[in-house]
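Trainee: Below is the structure I would like to discuss, written out as structure tokens.
Residue numbers (the working numbering): 1 to 115.
Pasting the structure below:
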């Protein structure tokens, strides 16, 4: 299970709690997307740290519409930490975006269809 918090919560306690940015999500019925973060354990294991770096690179490529490169980064994260749910989700989203590219004005936000 992933513990998620919004960017406003992270801003309050960023120094005390390590986080990983997961995505920018727009909730149905609301305007702006907000960044959501996962609370991560202070794990210095090489595989975990490398997986977090691969995820960050994947997220950057995803937002730049480089979906194949992003999928490769999420695959790299999964090779290191096979049960990483966020990497699974983002890899699947990349495959969806490759098959059905988003509109030209897409900014990398994910829109939830229900609250």
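Every residue, glycine too, gets a C-beta built ideally from N, C-alpha and C.
1) List the whole-angstrom C-beta distance separating residue 18 from residue 55, where the pair is believed to meet the contact cut-off of C-beta under 8 Å.
2) To which residues of the same chain is residue 109 closer than 6 Å at the C-beta, ignoring the five residues directly before and after it?
3) What residues in its chain sit with their C-beta under 7 Å from that of residue 12, if we drop five residues either side in the sequence?
4) Indicate the three-state DSSP secondary structure (helix, strand or coil) for residue 59 in the structure shown.
5) In the DSSP assignment, find the beta strand (DSSP E) that holds residue 24 and state where it starts and stops.
6) Could you check where the alpha helix (DSSP H) with residue 92 kicks off and where it finishes?
7) How about residue 77 and residue 51: are their beta carbons less than 8 Å apart?
8) Between which residues of its own chain and residue 57 is the CB-CB distance below 6 Å, once the five residues before and five after are set aside?
Mentor: This is what the structure gives:
1) Going by Cβ atoms, the distance from residue 18 to residue 55 rounds to 14 Å, so no, they are not a contact pair.
2) The beta carbon of residue 109 sits closer than 6 Å to the beta carbons of 24, 26, 33 from its chain, once the five residues preceding and following it are set aside; these are given in chain order.
3) Legend: pLDDT at residue 12 = 49, less than 50; position of this residue unreliable, no value from coordinates given.
4) Residue state, collapsed to three classes: helix.
5) 19-26
6) 85-99
7) With respect to residue 51, residue 77 sits close: the two C-beta atoms are nearer than 8 Å.
8) A distance below 6 Å between beta-carbons, with the five flanking residues on each side excluded, links residue 57 to the following residues of its chain, in chain order: 73.
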